[in-house]
Amino acid sequence: MDKSKRNTIISLAIVGLISVGVLVGFSIPLGIFPPLGELLFPGNGLWNIHEEVPEMETISSPYLTEDVTVYRDQWGIPHIYGHSEEDLGFAIGYVHAQDRLIQMDLARRSTRGQLAEILGESSLVDDKMNLNKLMDYWTVESIKAIEASSDPTDIKLMAVLEAYCNGINSYIDEVRTLPLEFQFLGYEPEHWTPSDTFAFIKYMSEMLTWGYEDFITIQIQDAIGADGFAELFDYPIPYQVPICTDYGEYNDSALLTASSESSIDPILVELSNSFIESIMTIPKEKQFFEQTDIVGSNNWAVNGSKTASGMPIISNDMHLSFNVPGIWYEAHMVDISPGADFNIYGFFLAGVPWPIVGHNSYVGWGLTNAAFDVIDWYYYDVVNDTHYMYKGEATPYEIIEYDIKVKGRAPEHFEIKTTVHGPVFENIGEDYEMTDYSGKVFTCKWIGQSITQESRAIYEFSRSKNRAEFDTASSYFSTPAQNIHYGDIYGNIGIRPTGKAPIRNDTGIPDWHLGNGSMIYNGSAGQGEWIGFVPFEDLPHTENPESGYVLSANQISAGPEYLANYTIQNPIDVSNGYRARRINTLLATHDNLTVEEMIDIQLDFYSTKAGNFSPYLLDVIDAIPVKTTIQQDAYDLLQSWNFLQDKDLAAPSIFNVWLDIYRQEVFNDDVINAGSHRYPSTAVLEWLTKNNATSKWFDNIDTPAVETRDDIILLAFEKAITALATHFETPVVSHWLWGEIHRAYFPHLTGLSSLGYGPVSVDGTGDTVTPYGWSTLYFNGEIRPATATHGASERMILDFNNLNNSISVIPSGQRGISNSIHYIDQLLLYLDGEYHTQYFAADAIEDFKESWIESTLILKAEGGS
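Going by my numbering, the sequence shown opens with residue -10, and the numbers climb by one from there.
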């Protein structure tokens, strides 16, 4: 289909979707959108469809020293050839803007408190909350620090970043037709600045490290007591395979017990609950608060002792929310100047000129979230509007002021009070009052509220040529803390949880307080002061282990010997470990591994959880004296099941609904109904199921009987098959296909359903190696089909025997332009379990084969021939 026909069809399709309200819509703005009349007539809006990238285009720029060639391959991925880092920076900025401008603009606006300027009053509370977190403030301070630096690397980094901004802004100045979303919202993007790039990095830190676990821990311990908390929630949870293997192994023979029987101060509980009620009124913060099961990410590296080639292979898939366009942008950059040795391929954030994960000709790396506890909450006694108590003295607040632009009205003046620890959270809006805390205020100290150097770390990752250089680069990585795994052409592999991990002074905390930043501190009393950070060299790490592999799937960072010195994670933020257990089994039991077998592991949807719970379920069903037809049929399916979470099978539906109900029946009565917002980890339920059939947690305190494990297993099974038969409207259990109640959806970042993709039936669960995360299947006695909205946000496999064999894929497309052939082309590849090659071998212009070229962009230095 030619381009003009495609544009016309898309125009008509979108018009058709919104034409129903056309009679009342021409002159009345619909929420955040401009009047439809401006969008529907030729010469305006939808009829000005953003064009595909031309097959051949030449653009001149005064910012270039020499010409740059950009080839796009059949997936729209740019392969950029320039003669300096600055010229490459300009080019990657230009193509980022070509492909992802609306995504870039919304991300910077969100972090910097500028959404209300384009969306109006409805976004004012989000802007205030984001400004209150001080992300914009510390973004600006971080830029000031690097601009003032005389370090040669910082100077070079800023030169590349300035060139990157020039590339983005050149496109903004030249573009004739803005992407559809700008037309919907009725505004034009402003120029990009270095601060916007740093803000994007703060955005990632917020996404992965912000949270309210300190309040949740207070809630849980108040609900079930210190003993209950220790048994069900404390550190470490059972069956953990430590990321770093040099610090001993955990003993899973018993769950923990409490060291204190004293109760939490009831005034603090009341304060905490009041703050939670306030936070829960803010939709975005409610999502942070309700985030429960950790999906996380996977990475692993195997050395030559485990591969067929005798050289390392590393794999990475980072698990984040699905979006169209996705969060990652693939690109390949080569410096072709004489003597240069710079050839990198990686996954970029559109808004940042360096890859976050990827490889060069020497080293490769990937990331998973390390879940360091880097945010602490404090309460203070208030003196008056201008002072608070700190260590016995009335101390003045410092004030940070903003004038927030609001579409359709005058700017809103916003003042943020700050204490010695951080910002006070109050006065977010009329409907979001956060001040009625009996003469007290809450603040937080967060790693994002500081000058950090992640930009230098990722800048130097791409330029590292060995482990020592890569470690030096890693030492600049502060937040979000990541498990960084590594491989190189010399045969080395390694892994290191990396980031700034606070060391607290817990002197003087009450005996019920768990310490280590896991509960709210009394800020007025000076509790929980940060007195430093774990030195980089003291962070856990493993290099070239005897096993021949390293792996991370968001499990515990290190073994008990490390915990004797440092606690760097919050116990309720550690993954349940099922993905790690499965990957560990596969790597431990396989040798002569190849790229093809790494693909099999990344796409694996065997359920370790099902393999461990199912025997107990089957034993209970088998013991039913006279089974109904539906019970027998369900039993037969489960007994013959291979524990694959296959969308075309019914057994996964039975198991997953049963487990959901089983967990609720075990813990709702005395954990959730007692006031906790969190369920214990499924790994804890597995331990209880295997080791303590008469645990008090199996007894339903709301009935006169004393239930045991098997009573609850049977009750949950009966509820599951009843709910499934009702939902599917058939007692034929083979019709209860997993894919009918487990689907993935890939929303457009504006929420416009016509620009999203799905839902589509998918294999797996949040606990399989190939992940599709969801919350609950069973709610108020009914099946609620699971719609997975997060999972692997990229897949990458690097072969150090021949880096040209390296492959990757993203669950969207390169271009955030809805009418582009590269809008969801990789998503379709991804859903089919396929990958594309990276064309890394093309390290010179003439090496990029003509058959690979879909389009060519020549960025000419003005004055050149």
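Heads up, the beta-carbon is just placed ideally off N, CA and C, and yes, glycines get one too. Given the structure is predicted, the values throughout are model-derived calculations rather than measurements.
- The beta carbon of L146 sits closer than 8 Å to those of I135, S444, R445 and Y448, all from its chain and outside the five residues before and after it, given in chain order.
- If you look at H85, you'll find it in the alpha helix (DSSP H) that goes E74 to R101.
- Between Y368 and K273 the beta-carbon gap is near 23 Å, outside 8 Å, which marks them as no contact.
- Annotation: D477 to K380 spans about 51 Å, alpha carbon to alpha carbon.
- Under the DSSP assignment, Y60 falls in the beta strand (DSSP E) whose first and last residues are V57 to R61.
- When secondary structure is reduced to three states using DSSP, R652 falls in the helix class.
- Straight-line spacing of the CA atoms in N121 and T441 works out to 18 Å.
- The C-alpha of E654 is placed about 11 Å away from the C-alpha of T697.
- Along the region 510 to 568, the alpha helix (DSSP H) occurs as fully enclosed runs of 4 or more residues at 549 to 552, listed in sequence order.
- Taken in chain order, the whole alpha helix (DSSP H) runs of length 4 or more contained in the region 666 to 730 are 671 to 680, 698 to 717 and 727 to 730.
- Judged by DSSP secondary structure, C154 falls within the alpha helix (DSSP H) whose first and last residues are P141 to E163.
- By the criterion of a C-beta distance shorter than 7 Å, S564 is surrounded in its chain by I283, G285, A542, N543 and Q544, once the five residues flanking it on both sides are discounted.
- Looking at the DSSP output, P491 shares a beta bridge with F522.
- By a beta-carbon distance limit of 8 Å, P800 does not contact F218. Their separation comes to about 38 Å.
- According to the DSSP secondary-structure assignment, R773 is paired through a beta bridge with no residue.
- Here E401 is bridged, per DSSP, to I393.
- Rounded to whole angstroms, the gap between the alpha carbons of M193 and R804 is 21 Å.
- Between the alpha carbons of L552 and F336 lies a gap of roughly 34 Å.
- Annotation for R784: the continuous beta strand (DSSP E) segment containing it runs R784 to D788.
- Inter-residue distance for I253 and T198 is about 26 Å (C-alpha atoms, whole angstroms).
- The three-state secondary structure of A320, taken from DSSP, is strand.
- Between P400 and K406, the CB-CB gap reaches or exceeds 8 Å.
- In this structure, the CA atom of L582 is about 36 Å from the CA atom of L77.
- Cβ-Cβ distances below 8 Å link A514 to K380 and G497 in the same chain, with the five nearest sequence neighbours on each side left out; the list follows chain order.
- In the assembly as shown, H402 is an exposed residue. Its beta-carbon has fewer than 16 other beta-carbons within 10 Å.
- Closest by C-alpha distance to W354, out of I810, K454, G200 and P412, is K454.
- Collapsing the DSSP output to three states places A639 in coil.
- By the C-beta density criterion, E319 is buried, having at least 16 other C-beta atoms within 10 angstroms.
- In the three-state reduction of the DSSP assignment, M118 falls in the helix class, which pools H, G and I.
- With a threshold of 16 other beta carbon atoms within 10 Å, Y377 meets it and is buried.
- Annotated three-state conformation of R804 is coil, per DSSP.
- By the C-beta criterion, the region 79 to 86 is judged to be in contact with the region 144 to 159, since at least 3 inter-stretch pairs fall below 8 Å.
- Under DSSP, K275 forms no beta bridge with any residue.
- With respect to F264, F431 sits close: the two C-beta atoms are nearer than 8 Å.
- Nearest Cα to G340 within the set A212, S251, G411 and A152: A152.
- Fewer than three pairs of CB atoms, one per stretch, sit closer than 8 Å, so the region 175 to 192 makes no contact with the region 505 to 519.
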